[in-house]
Amino acid sequence: VTLNKRLMAARDLSTLMAVAEADGLTALGPLNVDTLLARLLGLHAYQNRDGVVGAKGGRVRALLMRVCDYMASGLPGFPTVTLTNCLERLVRLQLRHVSIELQKGVERELVRRPREFATLELVRLCRLGAGACGVTHLLPAFLEMERRIGTASLPLDSLLAVTNAFAAVSYHSPAVLDALERRLTRDLLSLDGPLLAAAISELAAFPDHSPELVDDLATQVATRTEELKPAHLADAAHAVSLARRPAPEMLDAIQRRMTPPRLYALGPERLTRLSCALALSGRLSEDMAATIERCAVKRLYQFGGADLGRLLWSVGLSRGADAQSLFGEVESRLVETMDDMDPNTLAGAAWACVQSGYRSLALVDAFDARAATFHDELDPDAHASVELASIVQSLQAMACDENAERLRVLQRTARSPLKTAVIG
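Residue 376 in our numbering sits at position 176 of the sequence shown, with consecutive numbering throughout.
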């Protein structure tokens, strides 16, 4: 208790670390470790604004690694809530790779005493296991959560968090999906706007979801768009597209709500998702497409290749030749980021370029060079790749007429996919 008071009294990182290291951590009990990490988290966030942590970063990291080792050797003595708190705080302190020894120790505790973990603690552990934080040994938390989910009385936001975690690790549990669908069916008319958007997104991520329930949620979203932020609207549009549901009323309501200022509030990923969802549905209006183009050009250097390629595909799908000027404005960025594209995105961008009527030898070179790097994925003998056929067809169209001689040169290039393609 005295040590805990001293840790709480520390007002800067130097004092806190001095107190913690005074006895080589040996005096710390579970409660002290929890307090230490909580204070580190608070002071780190406060002092990092002024760059104070920079000079002490190595010492802080060394202390955190020692805390991991110390915890790993004494986990059986940690109450489950303290164990969960500590692991969560280690991740929030940006310790990218919580030590494998500690992770395996937590895994053993989950196997040894699963029923001691409260359901909300399991929710938090599932979220850690699904995050991009290097915590990979939490499968027992998912298994125990799956066992309890049918009878657990979870708040809806926690149930959605569990669903998100299971989907993130591609664990499509029928028990979790059933629990989510039963809750959404029961509470459908009482959900607020943000929960509606989150619910439709999480439900659509499960392959075996109920199409009728997605439609019911979309109908509710259509009448509640004024409650939703631009990001929520983009996520809802992406969800119905992912679920392959038409949802015309919802998509039209979203278009009416997404004024230019709201579109400008979206980041590249959500702007691309919204554009693709509307284009796939055939409901992307000329005005909306033109506004999306202006947003993309204004924030062009925030776009990576994956988002830019998909955005161009969606605009090409909806506007065709009217998108030609867009390709002129984004060509240099498209060439710069082409290495970020997978075969499907590359094929889509090349197709959109052809649909727009835009002709550029620089783009022909860039598309051809990128396609050549995919090796097996684009080897027609190995996979009869649909993407390869599409890219070659697009390159042929881009290189025809005035560029016919350039096409013949590309066909002779050693690693060019055009070399092995049959060009008419």
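All residues carry an ideal CB built from backbone N, CA and C; glycine is no exception.
Check: With 16 other CB atoms within 10 Å as the buried threshold, where does residue 610 fall?; Outcome: Note on residue 610: pLDDT 46, under 50, position unreliable in the model; the coordinate value appears next. So residue 610 counts as buried.
Check: In terms of residues, what are the limits of the alpha helix (DSSP H) holding residue 492?; Outcome: 486–498
Check: With three or more beta-carbon pairs closer than 8 Å as the criterion, would you say the stretch 454–465 touches the stretch 500–512?; Outcome: no
Check: Roughly how many angstroms lie between the CA atoms of residue 236 and residue 205, to the nearest whole one?; Outcome: 11 Å
Check: Is residue 625 buried or exposed, if buried means 16 or more other CB atoms sit within 10 Å of its CB?; Outcome: Within the shown structure, residues of the chain are numbered from 201 to 624, placing residue 625 beyond reach of any answer.
Check: Excluding the 5 residues flanking residue 209 on each side, which residues of the same chain have their C-beta closer than 6 Å to its C-beta?; Outcome: none
Check: I'd like to know if the stretch 349–358 and the stretch 370–387 are in contact, where contact means that at least 3 CB-CB pairs between them fall below 8 Å.; Outcome: yes
Check: Taking 7 Å as the limit between beta carbons, can you name the residues of its chain near residue 518, skipping five residues before and five after?; Outcome: 479, 484 and 489
Check: Would you report the Cα separation of residue 293 and residue 261, rounded to the nearest angstrom?; Outcome: 9 Å
Check: What does a CB cutoff of less than 7 Å around residue 234 pick up in its chain, not counting 5 residues either side in sequence?; Outcome: 282, 285 and 286
Check: Would you call the CB atoms of residue 513 and residue 571 closer than 8 Å?; Outcome: no
Check: What residue from 516, 357, 566 and 556 has the CA that sits closest to residue 533's CA?; Outcome: 566
Check: For the candidate residues 299, 543 and 259, whose alpha-carbon lies nearest to that of residue 271?; Outcome: 299
Check: With DSSP run on the structure shown, which of helix, strand or coil describes residue 483?; Outcome: coil
Check: With H, G and I counted as helix, E and B as strand and the rest as coil, what does DSSP make of residue 542?; Outcome: coil
Check: Count the other C-beta atoms from every protein chain shown that fall within 10 angstroms of the C-beta of residue 470, then say buried if there are 16 or more, exposed otherwise.; Outcome: buried
Check: To the nearest angstrom, how far is the alpha carbon of residue 419 from that of residue 325?; Outcome: 34 Å
Check: Kindly indicate which residue of 468, 422 and 426 has the alpha-carbon position closest to the one of residue 446.; Outcome: 422
Check: How should residue 436 be labelled, buried or exposed, when 16 other C-beta atoms within 10 angstroms of its C-beta is the threshold for buried?; Outcome: buried
Check: What number of angstroms, rounded off, separates the C-alpha of residue 279 from the C-alpha of residue 391?; Outcome: 35 Å
Check: Quick one: is residue 331 buried, meaning 16 or more other Cβ sit within 10 Å of its Cβ, or exposed?; Outcome: exposed
Check: Applying the criterion that 16 or more other CB atoms from any shown protein chain within 10 Å of the CB defines a buried residue, is residue 528 buried or exposed?; Outcome: exposed
Check: Tell me the rounded alpha-carbon separation between residue 509 and residue 559.; Outcome: 17 Å
Check: Quick one: is residue 426 buried, meaning 16 or more other Cβ sit within 10 Å of its Cβ, or exposed?; Outcome: exposed
Check: State the start and end residues of the unbroken alpha helix (DSSP H) segment that holds residue 219.; Outcome: 213–221
Check: Return the CA-CA distance between residue 495 and residue 266, expressed in angstroms with no decimal places.; Outcome: 48 Å
Check: Going by C-alpha to C-alpha distance, which of 230, 239 and 229 sits closest to residue 214?; Outcome: 239
Check: Output the distance between the C-alpha atoms of residue 413 and residue 458, rounded to the nearest integer angstrom.; Outcome: 25 Å
Check: For residue 371, which three-state DSSP category applies?; Outcome: coil
Check: Could you name each continuous alpha helix (DSSP H) segment of 4 residues or more that falls completely within the stretch 335–415, going from the start of the chain to the end?; Outcome: 339–348, 356–368, 374–387 and 393–404
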